[in-house]
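K.L.:
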Amino acid sequence: MIRRLTQFMPPARGLAPLVLLLAVWEMVQRGASPNFPRPSLWWTAIVNLASSGALRPAVEATLWTFVAGLALGCAAGFALGLLIGTSVAVRQWSSLLLEFLRALPPPVTIPIAVLIAGYSPSMKIAVIAITASWPVLLNTVAGVANIRSLLFDVARSLRLSRAESLWTIVIPATIPDFLLGVRVALSIAIITTLLVEMFTGLPGIGVLMILGQRAYDSAQVFGLLAIVGVLAFLLGLIFAIVEGVVLRRWPPRHGALR
Amino acid sequence: MQTIFDLENVALSLSVNGAARAILRDVSFSVAQGEILTIVGASGTGKTSLLRLLAGLNRQTSGTLNFRGTPIDGPQDGVAIVFQDYTNALLQWRTVGNNVALGLPRKLDRAGRAARIGDTLRLVGLERNAGDYPWQLSGGMQQRVQIARALVADPSVLLMDEPFAALDAMTKAALQDELLRVRDETDASIVFITHDIEEAIYLGNRVAVLAGSPGAITRIFAIDIPFPRHQVTTRERPAFLRLRHEIHDAIGGHA
Amino acid sequence: MNRETLRGIGGVLIFLAAWEAAVRTRLIDFDYLPAPSVIAAALVEMAEDGEVFEEIVHTLRAALAGWLIAIVIGVVAGAALGLSPRARKYCLASVEALRPLPGIAFVPVAILVFGFSLETELVVVVIPTVWPILVNTMGGFAAIPSRLHDVARSFRMSPAAATLTVFAPATAPAILVGLRLSMTLALVMAVAVEMIGNPAGLGYAVVREAAALRPDLMFAYVFIIGVLGIVLNAALIGAAKLVLPGEFKRPRAEWSRT
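Residue numbers (this note's numbering), protein chains in the order written: chain L, 349 to 606; chain C, 1297 to 1551; chain X, 1015 to 1272.
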């Protein structure tokens, strides 16, 4: 099992620079620096947060809304992507509109959503879902468009119904592109989740970071930064594993696009 | 002897980039039950388009095209197609067995399906590859998977669009013989498109020459060489060599 | 102008017309969702006012300056890692560990150290933007076939000459992908940090107008941000076509993907 995991990760000795950086930081900042406290102080601050009972609900809130928003966004993006992708006419008519919407930075959605829908967890999940759905939608449309027309000839010659065609050919053929979109959506969703928390004050790690910043508690801020880093890394790893498992039956791709 | 396909004055025009282009003009021939009709012609004469008409994938612009006496209005029951591009004609994410299963008629029950798939894979020599994925197999094997998919529903007609063109010479020869053997066992009629004259003679009961642009059937040769055929000796027979000459001239005679 | 482009434009017009009609007929009746005509009027108002141009310049400055800094760091580090398998062995894990860190998580830290200022924006833009450039540059250099190295050696080129004449053209396409990805990210991060960190520029403008309950101005700013993104992207591709004319003649799947 460990062996299988390590195929996703580069050699461990590559962590040396990071460890070195932290070690040097620890030693250089023996005198308490207000802005760049040493790593051991981060740990203390986090432990304090945890024992005060503030850490766990925040992490849970962040993770839960992230997962819900991402799942919703991927499902919506995939469904809409299929809808748009399977019709050449719809694709052409919507192409410019989609290009413009794609160019909109996701953060911009937040004030709009807040203004229209107010401050609530469901607004937060909706915003995460909307921003996450874009890469999924666009990649799914591209995936459908790339299905060789020969496959559709095959479907017709086998006299498959439209539903059978969709299920046995279109959807499986689009899965690799869909997963590419999900990978992008993952990082966008992380950013959006934290940003919503920082902007609206809805519960989560982002709020804790802002509170720490306002209280000039740099150790807490750095500690939370490290936690966010670890979480982001783990989420990416989980995705890579899931993607690897799902894509086992597809021919190997010629290299990821990101 | 029943007539499977009957074409009279069939013409086909397709719109390419907004302009109409004539692909086929005045094609007339018929295919009898149980025969192998090979259609040979140079590139650009509309061979693939003709096959697509027979397959019901396109509709002709004018003329009559009948399958068992009734006009064709779409892909027909009992007609199976094997395409040249096996990589994109197979579902690469499905196992060989599941790819073949796609060709099965709906109403079969689970045991029946398994049995049919097994038998057909045995027929093409792939019984040990049922669990493999197409992308793990060689070109020749992938093409055999496509043939198996076509055969699993026990079709009365097999339409093949230059199926061996993308394969190396040895694999091509092996598959040609395999096709003849399979035909003996299943008794299907075959319409086989190729640009390879020798292949056309080797496989066919009759060879139809598609020539000109837009294309038309200019001559049909009866192949009076008996079955079973042999890769080396058959190709040395005087009749074979004579036909090769004549067909070559028939193709080249039209610009 | 071919049929596809016409249809794309048509799609946009239909969308705008439907939106306008829906708002006018009260089909959609949110307090804070104005009709396109109202937003257009707001755009005119902003243009006459003139303040918007300063805001555009501010955001552009933060995004582009940060992007350029990220390019320098990313290309140099990426080239070094790409050319030396040894360096990769000792650094890759650290890169993979740090890369998932969302740039937005650095906002509280940046505010602590730099307060509400351009420096804060730069920090938040540079940190996440480095990674796409670094990774893609690294990939480009690592993929240089060894015979090109032999060619450079046989001509007895100095490292500088070799880099310029042999390696750069070989790696340019990969680097370009990194540049394109990171520029989009730079704009996103600049807008994001302006929403919560530095009250200046377009990001702040969106938030300000939302708080002032002027949705027409808010949407107008959103529109400008979108246009900015498209213009920057087009400019980058245009510049790339000048430097690498051959790159764009071949059809490349990557340019159509997210």
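Think of the CB as a built atom: it goes at the ideal place given N, C-alpha and C, for glycine as much as any other residue.
When DSSP builds the beta bridges, which residues end up paired with GLU1474(C)?
P.N.:
In DSSP, GLU1474(C) forms no bridge with anything.
K.L.:
Would you tell me roughly how many angstroms separate the C-alpha atoms of ALA393(L) and ALA490(L), rounded to the nearest one?
P.N.:
One C-alpha to the other measures close to 47 Å.
K.L.:
Just list the residues that DSSP pairs GLY1511(C) with in beta bridges.
P.N.:
LEU1320(C), per the DSSP bridge assignment.
K.L.:
Determine the direct distance from the alpha carbon of LEU1162(X) to that of GLY1500(C), and round the result to whole angstroms.
P.N.:
Between GLY1500(C) and LEU1162(X), the C-alpha separation is close to 53 Å.
K.L.:
Considering only their Cβ atoms, is the gap separating GLN1329(C) from ALA1461(C) smaller than 9 Å?
P.N.:
It is not a contact, given that the beta carbons lie outside the stated cut-off.
K.L.:
Let me check understanding here. Comparing Cα to Cα, which of SER1196(X), PRO1187(X), PHE1169(X), PRO1142(X) lies closest to ALA1157(X)?
P.N.:
Ranking the options by Cα distance to ALA1157(X), first place goes to PRO1187(X).
K.L.:
For the segment 1050-1091 of chain X, list the alpha helix (DSSP H) runs that are entirely contained and at least 4 residues long, ordered along the chain.
P.N.:
As far as the segment 1050-1091 of chain X is concerned, its whole alpha helix (DSSP H) runs of at least 4 residues are 1050-1063.
K.L.:
Check the Cβ of ALA1385(C) against every Cβ in chain D and list those closer than 9 Å, keeping chain order.
P.N.:
Included in the structure are the protein chains L, C and X, with no chain D among them.
K.L.:
Thinking C-alpha only, which one of LEU1199(X), ALA1184(X), LEU1178(X) is nearest VAL1139(X)?
P.N.:
It is LEU1199(X).
K.L.:
Helix, strand or coil: how does DSSP classify THR1039(X) here?
P.N.:
Reduced to three states, the DSSP call for THR1039(X) is coil.
K.L.:
Whole angstroms is fine: what's the gap from VAL1453(C)'s alpha carbon to THR434(L)'s?
P.N.:
Taking the straight line from one Cα to the other gives about 31 Å.
K.L.:
Can you tell which of TYR1498(C), SER1309(C), PRO1510(C), ILE1513(C) has the C-alpha that lies nearest to the C-alpha of LEU1539(C)?
P.N.:
Closest by alpha carbon: TYR1498(C).
K.L.:
Residues in its own chain within less than 6 Å of MET1209(X) by CB, not counting five upstream and five downstream?
P.N.:
Taken in chain order, the residues that qualify are GLY1217, VAL1221.
K.L.:
What span of residues does the alpha helix (DSSP H) with VAL1230(X) cover, start to end?
P.N.:
Checking the displayed sequence, the identity of residue 1230(X) turns out to be Asp instead of Val. Here the alpha helix (DSSP H) through ASP1230(X) covers 1229-1257.
K.L.:
Does the Cβ of THR1143(X) have 16 or more other Cβ atoms within 10 Å, making it buried, or fewer, making it exposed?
P.N.:
Buried.
K.L.:
Here's a check: name, in chain order, each residue in its chain whose Cβ is nearer than 7 Å to the Cβ of ALA1141(X), leaving out the five neighbours to either side.
P.N.:
A small fix is needed here, since residue 1141(X) is Ile in this sequence, not Ala. GLY1117, PHE1120.
K.L.:
How many angstroms separate the CA atom of PRO551(L) from the CA atom of ALA406(L)?
P.N.:
The alpha-carbon atoms of PRO551(L) and ALA406(L) are separated by roughly 6 Å.
K.L.:
Mind pulling the chain C residues with CB within less than 8 Å of ILE517(L)?
P.N.:
Per Cβ cutoff of 8 Å: LEU1387.
K.L.:
Indicate whether LEU369(L) and ILE1023(X) have their beta-carbon atoms separated by less than 9 Å.
P.N.:
Result no, Cβ atoms of LEU369(L) and ILE1023(X) do not sit closer than 9 Å.
K.L.:
Can you tell me which of the three DSSP states ASN1305(C) falls into?
P.N.:
If DSSP states are grouped into helix, strand and coil, ASN1305(C) belongs with the strands.
K.L.:
ALA406(L) CB to nearest chain X CB: under 9 Å?
P.N.:
So no, ALA406(L) is outside the interface.
K.L.:
So, is GLN1442(C) buried or exposed, given that buried needs 16 or more other C-beta atoms within 10 angstroms?
P.N.:
With 16 or more Cβ atoms within 10 Å of its Cβ, GLN1442(C) is classed as buried.
K.L.:
Pick from VAL1448(C), GLY1435(C), LEU1506(C), TRP1389(C): whose alpha carbon is nearest that of ILE1413(C)?
P.N.:
Taking only the C-alpha atoms, the option nearest ILE1413(C) is VAL1448(C).
K.L.:
Classify ARG1445(C): buried if its beta carbon has 16 or more other beta carbons within 10 angstroms, exposed otherwise.
P.N.:
Flag for ARG1445(C) reads buried.
K.L.:
Can you tell me the Cα-Cα spacing of TYR467(L) and ALA1055(X), whole angstroms?
P.N.:
Going from the Cα of TYR467(L) to the Cα of ALA1055(X) covers about 29 Å.
K.L.:
Give the residues of chain L in contact with ASP1381(C), contact being defined as C-beta atoms less than 7 Å apart.
P.N.:
Residues of chain L passing the Cβ test: LEU498.
K.L.:
Which residue's Cα is closest to the Cα of PRO1122(X): LEU595(L), GLY584(L), ALA580(L), LEU573(L)?
P.N.:
The shortest C-alpha separation from PRO1122(X) is found at LEU573(L).
K.L.:
Measure from the alpha carbon of ILE1516(C) to the alpha carbon of each residue in ARG1533(C), HIS1526(C), THR1529(C), ALA1496(C), then state which is nearest.
P.N.:
The candidate whose alpha carbon is nearest that of ILE1516(C) is ALA1496(C).
K.L.:
According to DSSP, simplified to helix, strand and coil, what is ALA1518(C)?
P.N.:
In the structure shown, ALA1518(C) sits in a strand (DSSP, three-state: E or B).
K.L.:
Going by DSSP, what residues sit across from SER1358(C) in a beta bridge?
P.N.:
DSSP, once it has assigned bridges, lists ALA1307(C) as partnering SER1358(C).
K.L.:
For the beta strand (DSSP E) containing LEU1456(C), name the first residue and the last one.
P.N.:
What sits at residue 1456(C) in the sequence shown is Met, not Leu. First-last of the beta strand (DSSP E) with MET1456(C): 1453-1457.
K.L.:
Quick one: grab the DSSP three-state call for VAL1336(C).
P.N.:
It is a strand residue.
K.L.:
Counting only C-beta atoms, is ARG597(L) closer than 9 Å to chain C at any point?
P.N.:
With 9 Å as the cut-off, ARG597(L) counts as an interface residue toward chain C.
K.L.:
Does any CB atom of chain X fall closer than 9 Å to the CB of LEU605(L)?
P.N.:
Residue confidence for LEU605(L) is low, a pLDDT of 30 falling below 50, so the modelled location carries little weight and cannot support an answer.
K.L.:
Which whole-angstrom value describes the C-beta separation of GLU1331(C) and SER1485(C), a residue pair presumed to lie in contact below a C-beta threshold of 8 Å?
P.N.:
Going by Cβ atoms, the distance from GLU1331(C) to SER1485(C) rounds to 6 Å, so yes, they are a contact pair.
K.L.:
Give me the Cβ distance between LEU1136(X) and GLY1080(X), rounded to the nearest whole Å; I'm assuming they're in contact under 8 Å.
P.N.:
Yes, LEU1136(X) and GLY1080(X) are in contact; Cβ-Cβ is about 5 Å, under 8 Å.
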